[in-house]
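Protein chains in written order, with my numbering: chain V, 1 to 216; chain E, 1001 to 1216.
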C-alpha cells in the first residue's frame, strides 16, 4: 500500500486515487519520459528526462555538470500517460483519461559502483528494453561523467481516470455527440542510422517493439 | 526571437536550442498536456494539466479550490513531445528525439470576464479542436468555480533533438544495429458514451482527427 501524506491525499476527485503499490509500478514501468521538478533559487523548474526503476527506487541520471541534478532538497518526479480525450456535452466537463504517478522525496547521490551501474542499466532498459546487453557498456570515463540519483518510492500518489464523460444530468438530453477519443503512444518502423551497414538487420527486441500497438 | 536569460540559456548541448518564437508556438500548439511546476512549502510539485495559448499568453485553469493554482510565486510550464528513441552503439549514447518547451514566469489571475471566457475556449480547443462551438458553453456557476491563470510567454526555452545517434568514432565499427525508433502519439477510433443515442454520428471534427497519423 502507498501511505498517504498531506500532499498525496487527493483533495478533489478522490475516486481517481489508486493506493496499491502495484499501480505505482505499472504507471512508472509503462513510461518513457518523466518530468523532473526541482527548485532552483526558489523557483520551480520542470525538465523532461529518462528514468529507471529497481524495486522501490527510482533512478535518474545526468551529466555531473548538469545543474538540475545538483539539488540539495526535495525533488518531484511525475510520469503521465494520456489515454484519451473525454468529449463531454458541455465545455467545462471536457477532461482527459490518463494514468499519472507523482513521487516526492529527497534523492540520494549514488556512489556505490555496483548500484551506479545497475541504475544506468535500468535507465537504458526503461527506454529501450534489450539494448543494454546488445551494445557497448559504459567505460570508466563515461561512468565518471554520469551522475545518478536514487529516489525512494516512499511518498507517491497515483491517479487514474477512465471511462466516458460525466455530464450534468440535464445535459444528457442535448443533441451533442459525447464519448472518448482514445490517445495512444505507438512505435514506428525503426530508422537505421545512415552510417550503419545496410546488411545489418534490425534486432528482434527492437523490431518486435515496433509492431506493438502501444508503448504501455 | 526568444530572449535568453540565465536559466533559459542551454549550458550543455547548445546545438539543440531553438530561439525563434515560432518554434515555441509550434511545440506548445502541438501539445495536449503540459507539466505544471509549482513550489509548495519550499518543495517542487509537478502535475499534468491542460492548457491553451492565445498569442503570447499561456492559459491554465483549475478549480478555484485547487491548491496548485493558488500560487504566489513563479511557476514553470513544460510541454514535451517524444519523437523517437535514439538507439546508439554504446549504452551511454542512448538518447531521445524530442521537442520540448519550458516556460517560466509569475502567472496573473484572470479576472476580466471576456479574457476568462476566451481562455477557457482556448484550453478546450487545445484539447479538442472544434468542440467549443459544438457543446454547451459554461454557465455562470461553472465560470465562478473555474480559476484561470495567465502566463506570459516572455521567458522560455525550446529544445529539439532530431536525427540518428552520435556515437564515439571508434564505436561505429561495432557490430551493433543503431538508429532511431520513432514514437508517435495517435488518436484511436472515437468511443461513444454508452448513454449516447446510437443514432448520433461522430462529428467530422472528431472523426477527422482520429484518422490523422499523429497528434502533432
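Every residue gets a Cβ at the ideal spot worked out from N, C-alpha and C, and that includes glycine.
(message) Checking 8 Å against the spacing of the C-beta atoms, do residue 1051 (chain E) and residue 1074 (chain E) come in under that value?
(response) no
(message) Using beta carbons (cut-off 8 Å, strictly below), is residue 147 (chain V) in contact with chain E?
(response) no
(message) Only counting the same chain, and skipping five residues up and downstream in sequence, which positions put a Cβ closer than 7 Å to that of residue 24 (chain V)?
(response) 2, 101, 153, 156 and 158
(message) Just to make sure I have the definition right: I need the residues of chain V whose C-beta is within less than 9 Å of the C-beta of residue 1020 (chain E). Which are they?
(response) Chain V residues near residue 1020 (chain E): none, gap ~20 Å exceeds 9 Å.
(message) Quick check on the burial criterion: 16 or more other C-beta atoms within 10 angstroms. Buried or exposed for residue 178 (chain V)?
(response) buried
(message) I believe residue 1135 (chain E) touches residue 86 (chain V) by the beta-carbon criterion, under 8 Å. Please report the beta-carbon distance rounded to the nearest angstrom.
(response) 12 Å between Cβ atoms; not a contact.
(message) Let me make sure I understand the geometry here. Which of E:1180, E:1205, E:1187 and E:1037 has the alpha-carbon closest to that of residue 254 (chain V)?
(response) No statement about residue 254 (chain V) is possible, as the shown extent of chain V runs from 1 to 216 and does not include it.
(request) Give me the Cα-Cα distance between residue 1212 (chain E) and residue 144 (chain V), rounded to the nearest whole angstrom. (result) With a pLDDT of only 46 at residue 1212 (chain E), under 50, the local geometry of the prediction cannot be trusted, and no value is derived from it.
(request) Could you spell out where the alpha helix (DSSP H) holding residue 113 (chain V) opens and where it closes? (result) 113-127
(message) For the stretch 107-132 of chain V, list every residue whose C-beta sits within 9 Å of some C-beta in chain E, in sequence order.
(response) 120, 121, 123, 124, 127, 128, 131 and 132
(request) Leaving aside the five residues before and after residue 125 (chain V) along the sequence, list all residues of the same chain whose C-beta is less than 6 Å from its C-beta, in chain order. (result) 132
(request) Measuring only between beta-carbons, confirm whether residue 1171 (chain E) sits less than 8 Å from chain B. (result) This model lacks chain B altogether; the protein chains it does include are V and E.
(request) Please decide whether residue 200 (chain V) counts as near chain E, where near means a Cβ-Cβ distance under 8 Å. (result) yes
(request) Identify the contact partners of residue 1098 (chain E) in chain V, using a Cβ-Cβ distance below 8 Å as the criterion. (result) 33 and 48
(request) Confirm, please, whether the CB-CB distance from residue 1058 (chain E) to residue 1151 (chain E) is below 8 Å. (result) yes
(request) Kindly indicate if chain V contains any beta-carbon less than 8 Å away from that of residue 1178 (chain E). (result) yes
(message) Taking the beta strand (DSSP E) that residue 25 (chain V) belongs to, which residues open and close that run?
(response) Counting along the chain, residue 25 (chain V) falls outside any beta strand (DSSP E), though it belongs to the alpha helix (DSSP H) covering 21-29.
(request) Return the chain-ordered ranges of every alpha helix (DSSP H) run that is complete within the stretch 144-211 of chain V and spans a minimum of 4 residues. (result) 204-210
(request) With a cut-off of 8 Å on the beta carbons, I'd call residue 1183 (chain E) and residue 1084 (chain E) a contact; round off their distance for me. (result) 6 Å
(request) Work out the CA separation of residue 63 (chain V) and residue 1011 (chain E) for me, nearest whole Å. (result) Here the model assigns residue 1011 (chain E) a pLDDT of 48, short of 50, so the residue's position is not dependable, and the following value carries that caveat. Looking at the two C-alpha atoms, the distance is approximately 11 Å.
(message) Would residue 1206 (chain E) pass as an interface residue toward chain V - the criterion being a Cβ-Cβ separation below 8 Å?
(response) yes
(message) Between the alpha carbons of residue 88 (chain V) and residue 205 (chain V), how many angstroms are there, rounded?
(response) 40 Å
(message) Using a Cβ-Cβ distance cut-off of 8 Å, determine whether residue 1137 (chain E) contacts chain V.
(response) yes
(request) Give a yes or no on whether the C-beta atoms belonging to residue 35 (chain V) and residue 1046 (chain E) are separated by under 8 Å. (result) yes
(message) Quick check on DSSP: helix, strand or coil for residue 7 (chain V)?
(response) coil
(request) Please decide whether residue 1026 (chain E) counts as near chain V, where near means a Cβ-Cβ distance under 8 Å. (result) no
(request) Could you tell me how far apart the beta carbons of residue 147 (chain V) and residue 109 (chain V) are, in whole angstroms, since I believe they sit closer than 8 Å? (result) 7 Å
(request) Consider the Cβ of residue 1080 (chain E): report whether some Cβ of chain V lies at a distance smaller than 8 Å. (result) yes
(message) I need the boundaries of the beta strand (DSSP E) containing residue 84 (chain V), first residue and last residue.
(response) 75-87
(request) Go ahead and pull the three-state DSSP assignment for residue 1213 (chain E). (result) Summary for residue 1213 (chain E): the model assigns pLDDT 44, below 50, so the residue's position carries little reliability, and this model does not support an answer.
(request) Look up residue 33 (chain V) in the DSSP assignment and give the residues it is bridged to. (result) BP columns for residue 33 (chain V) are empty, so no partner.
(request) Starting from the beta carbon of residue 1087 (chain E), find every residue of chain V whose beta carbon is closer than 7 Å, and list them in chain order. (result) 128, 131 and 206
(request) Using a Cβ cut-off of 8 Å (strictly closer), state whether residue 1185 (chain E) contacts chain V. (result) yes
(request) Can you tell me which of E:1049, E:1209 and E:1060 puts its alpha carbon nearest to the alpha carbon of residue 1122 (chain E)? (result) E:1060
(message) For residue 1057 (chain E), list the residues DSSP reports as bridge partners.
(response) E:1054 and E:1152
(message) I want to verify the contact list: residues of chain E whose CB lies under 9 Å from the CB of residue 192 (chain V), in sequence order.
(response) 1164, 1177, 1178, 1179 and 1180
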